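A short write-up of the structure that comes next.
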Amino acid sequence: MNAAVFVMRVLLGGLLLATGALKVGHAPDLAAAIAGFRLLPAGAVGPLALALPFFELLLGGYLVIGLFTRTAAIVAALQFVIYASAIASAVIRHIPANCGCFGPQDAAVADWPHVAFDLALALLSALVAYRAPGILAVDRRLRPQ
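Here you go:
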């Protein structure tokens, strides 16, 4: 099971690293995508658009190297549930929001498959948190099992 946790941890971390990297430097586009969901006050959209790419990069990095694995996986699970909830909200309210998941070139609109995908990622993250840290994790060096 430790090898499976490692694979899931690296895949989730790699996904977060990719999504974060694709968003860096595109805060106006990300802000427009976030605002399109009509969930947050206008004053919160800009700071979130600036911080989110770096948060995803940090979280992805922690998962890939296996540092603070359980905490990082729990935070990732919560983040994916929040994403799924925002997308589901847009679908239910018939808002044609642009997902923006993979940066400004991502023109995918919010739909039920995106909700399912984010919930699946949340489930994988929860499994990683439950079985953390997996093999080849820095946590194993810091806190031998």
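So for the sequence shown, the working numbering puts the first residue at 4; every next one is plus one.
All residues carry an ideal CB built from backbone N, CA and C; glycine is no exception.
The structure presented is a predicted model; accordingly, all values stated were derived computationally and were not measured.
Report task. Could you work out which residue in 53, 19, 18 and 22 is closest to residue 35 when comparing CA atoms only? Result -> Here residue 35 corresponds to residue number 32 of the sequence shown, with the count starting at 1. Taking only the C-alpha atoms, the option nearest residue 35 is 53.
Query raised in the report: Grouping DSSP H, G and I as helix and E and B as strand, with all else coil, what is residue 67?
Result: Taking the sequence shown and counting its residues from 1, the one referred to as residue 67 is at position 64. Here residue 67 sits in helix by DSSP.
Query - Ranges of the alpha helix (DSSP H) found wholly within the region 58–110, counting only runs of at least 4 - result: 72–95
Query raised in the report: Mind checking residue 82: buried by the 16 CB within 10 Å criterion, or exposed?
Result: Locating residue 82 in the sequence shown gives position 79, counting from the first residue. It is buried - the Cβ of residue 82 has at least 16 other Cβ atoms within 10 Å.
Report task. Can you tell me which of the three DSSP states residue 112 falls into? Result -> In the sequence shown, counting from the first residue as 1, residue 112 sits at position 109. Strand, per DSSP.
Query raised in the report: For residue 139, which residues of its own chain have a beta-carbon under 8 Å away from its beta-carbon, when the five flanking residues on both sides are left out?
Result: Counting from one through the sequence shown, the residue named residue 139 turns up at place 136. Cβ neighbours of residue 139 beyond the five flanking positions: 9 and 69.
Query raised in the report: Cβ atoms of residue 84 and residue 125: under 8 Å apart, would you say?
Result: One-based indexing of the sequence shown puts residue 125 at position 122. One-based indexing of the sequence shown puts residue 84 at position 81. Yes, Cβ-Cβ distance for residue 125 and residue 84 is below 8 Å.
Report task. Assign residue 6 to buried or exposed, taking buried as 16 or more other Cβ atoms, counted over all protein chains shown, within 10 Å of its Cβ. Result -> Translated into the one-based positions of the sequence shown, residue 6 becomes position 3. Result: exposed.
Requested in this report: Return the CA-CA distance between residue 99 and residue 118, expressed in angstroms with no decimal places.
Outcome: As a position in the sequence shown, residue 99 is number 96, starting the count at 1. As a position in the sequence shown, residue 118 is number 115, starting the count at 1. Approximately 14 Å between the Cα atoms of the pair.
Requested in this report: Please classify residue 23: is it buried, with 16 or more other beta-carbons within 10 angstroms of its beta-carbon, or exposed?
Outcome: The count along the sequence shown starts at 1 and reaches residue 23 at position 20. Buried, because 16 or more other Cβ atoms sit within 10 Å of the Cβ of residue 23.
Query raised in the report: Are the CB atoms of residue 136 and residue 72 nearer to each other than 8 Å?
Result: Numbered from 1 along the sequence shown, position 133 holds the residue referred to as residue 136. Numbered from 1 along the sequence shown, position 69 holds the residue referred to as residue 72. For residue 136 and residue 72, yes; Cβs fall inside 8 Å.
Query raised in the report: Just checking, does the region 99–117 make contact with the region 32–52 on the three C-beta pairs under 8 Å criterion?
Result: yes
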